[in-house]
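Notes follow the structure.
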Amino acid sequence: MVTVIGSGRSADAHAADVGRLIATLGHDLLTGGGRGVMEVASRAFFETSPRRGIVIGVVPGLVAGLDALEERIATNPGYDLPSGYPNEWVELAIYTHLPDSGTEGTLASSRNHINVLSADAIVALPGRAGTESEIWLATQYGVPIVAYGAHAPHGIHHAATLDGLREFLVRSLPSTANP
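Heads up: the sequence shown begins at 1092 in the working numbering, then just goes up one per residue.
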């Protein structure tokens, strides 16, 4: 599984190329399931033919009554999704009770831990505080991560070209799925 991280507000020019590349390598694509980089990479992956993997989105959510559920008190919980989640290209949505992101992206109540820990490798496109949180978590958990494109966050591998990104992913991913 390859996780793609980046801005949820705007799409980097490389997001579609990244989605298509992952599809051609035969792996699943995992994102946070929202807009921006997540949506563009998901759409490009989804529209690539042939492909063997699926688009997975780990979706943030708010549960009204979570305290009662934790205490095993009967309740009628409510579940709310942020606007734009999941994007229409997500084939498997994993709905969570984890609302935090951005500067709170390393908290236990952030789905960023799932996005990072589920990955065999991570591709980082430009983003904001949430992306930086995921980059930091990847370095802490020891998950292979590469920045692609014009940005090069300190402390992680950088691939300046699509060929360089392909080489990083082929080296980092389980060989059984590589064509």
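Beta carbons: idealized from backbone N, C-alpha and C, even for Gly.
Going by Cα to Cα distance, which pick from the options is closest to residue i?
i, options, result
"D1191", "V1154, A1251, F1137", "V1154"
"T1187", "P1244, W1180, P1173, E1223", "P1173"
"A1250", "H1105, G1218, H1204", "H1105"
"G1175", "V1150, E1162, I1213", "V1150"
"A1132", "T1094, L1198, R1257", "T1094"
"G1099", "G1144, M1129, E1179, D1108", "M1129"
"G1228", "A1199, P1141, A1243", "One point to set straight first is that residue 1228 is Leu, not Gly, in the sequence displayed. When only C-alpha atoms are compared, the closest one is A1199."
"H1204", "G1123, D1103, V1261, I1113", "G1123"
"G1221", "F1259, S1266, V1146, G1125", "G1125"
Bridge partners for residue i per DSSP, in chain order?
i, result
"Y1170", "V1154"
"T1094", "L1121, I1213"
"V1149", "I1185"
"P1250", "The sequence shown places Ala at residue 1250, not Pro. Partner(s): Y1239."
Along the alpha helix (DSSP H) that carries residue i, what are the first and last residues, could you check?
i, result
"I1113", "1106-1116"
"L1121", "Note, L1121: premise wrong, no alpha helix (DSSP H); beta strand (DSSP E) at 1120-1122."
"A1102", "Here A1102 belongs to no alpha helix (DSSP H), and DSSP marks it neither H nor E."
"E1138", "1128-1138"
"R1143", "Run containing R1143: none; DSSP gives neither H nor E here."
"S1263", "1253-1263"
Does the stretch 1230-1238 come close enough to the stretch 1118-1125 that 3 or more CB-CB pairs lie under 8 Å? no
Counting only runs of 3+ residues fully inside the stretch 1164-1247, write out the beta strand (DSSP E) ranges in chain order. Counting whole runs of 3 or more residues, the stretch 1164-1247 contains the beta strand (DSSP E) stretches 1169-1171, 1183-1186, 1212-1215, 1236-1239.
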